[in-house]
Structures are given as C-alpha cells and as structure tokens.
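Number 386 marks the last residue of the sequence shown (the working numbering); no jumps. Since the structure comes first, as structure tokens, the remarks are kept for the end.
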Amino acid sequence: MDNNLKKGLIFGVIGNIFVGFQPIIANSRPAALDAHIFAVMTCLVEAVIFLPLIIIEKKVNLAKNNNASTNHSNSMIKNWRKNIWLFLFIGIIFGFNQLLFFIGYELAGA
Numbered sequence: 277m278d279n280n281l282k283k284g285l286i287f288g289v290i291g292n293i294f295v296g297f298q299p300i301i302a303n304s305r306p307a308a309l310d311a312h313i314f315a316v317m318t319c320l321v322e323a324v325i326f327l328p329l330i331i332i333e334k335k336v337n338l339a340k341n342n343n344a345s346t347n348h349s350n351s352m353i354k355n356w357r358k359n360i361w362l363f364l365f366i367g368i369i370f371g372f373n374q375l376l377f378f379i380g381y382e383l384a385g386a
C-alpha cells in the first residue's frame, strides 16, 4: 500500500464535510421512523454508495500492479480472512455510532 499524505488529507476533509451534514439528515427524518431504523437505513445507504467505490479502487490498483504474482493476491485474501473480526468490530462500532448520532440529535431537538 502506498502512503499518500495529500490524498489522505483530502479524504479526511471531505469526510468531515459529510459528517457536518448529519444534523441536516437527522432533521429530515420523518417522525414515523424510529431513530434505530433511520440509523440502519443510513448505514445501508452508505454501504451501497461506498462498496462500488472500494471495488473500483481495488480493480484499478490491481490493474496498475498487473505484473504482481498470484502469491500477492493470495496473501491479500489471507490478510482479509485474518482480520475479519477486526472488520466486523469496526462495522459494528460504526453502526452503533450512527445510532448514537441520531438518538443524540433527536434528544437535542435537531
């Protein structure tokens, strides 16, 4: 993996801008929807948006490293399998964080 400070900073700034939209999204929640359901729906929409981007980025990186051996791709799969519990934990924490955001916004009157 290639570390790129400029790209990381740009993505961080864009991410913070999107987080700034969360109170607006929380205000647009219909009163009929519970905060729990709305948090789940938000997580699913984010997954639908970002999963294709991740797949495209992976394909582009594989195309750049076309001369990489199959051992490299096997090691990538092994790394994913080795870290599956970490990825699941991060996903659960992310979903719980979204839930707390929307409950907090509701309690604050947003």
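Glycine residues also receive a C-beta, built at the ideal position from the N, C-alpha and C atoms.
Measure the C-alpha to C-alpha separation of N342 and N279 and round it to an integer number of angstroms.
Within the sequence shown, the letter at position 66 stands for residue 342. Within the sequence shown, the letter at position 3 stands for residue 279. Each residue's Cα considered, the two are about 19 Å apart.
Classify F378 as buried or exposed, calling it buried when 16 or more other Cβ atoms lie within 10 Å of its own Cβ.
For the purposes of this step, residue 378 is identified with residue 102 of the sequence shown, where counting begins at 1. By the neighbour-count rule (16 or more Cβ atoms within 10 Å), F378 is buried.
How many angstroms separate the CA atom of F297 from the CA atom of I332?
As a first step, residue 297 must be located in the sequence shown, where it is residue number 21. As a first step, residue 332 must be located in the sequence shown, where it is residue number 56. Those two C-alpha atoms are separated by around 25 Å.
Quick one: Cα of G312 to Cα of L364, how far?
Residue numbering aside, residue 312 sits at position 36 when the sequence shown is read from its first letter. Residue numbering aside, residue 364 sits at position 88 when the sequence shown is read from its first letter. At residue 312 the sequence reads His, which differs from the Gly that was named. Roughly 19 Å separates the two Cα atoms.
Report the three-state DSSP secondary structure of L309 (helix, strand or coil).
Numbered from 1 along the sequence shown, position 33 holds the residue referred to as residue 309. Correct three-state label for L309: coil.
Any heavy atom of the ligand SAM closer than 7 Å to the beta-carbon of I366?
Looking at this structure, you won't find the ligand SAM or any other ligand, since it has none at all.
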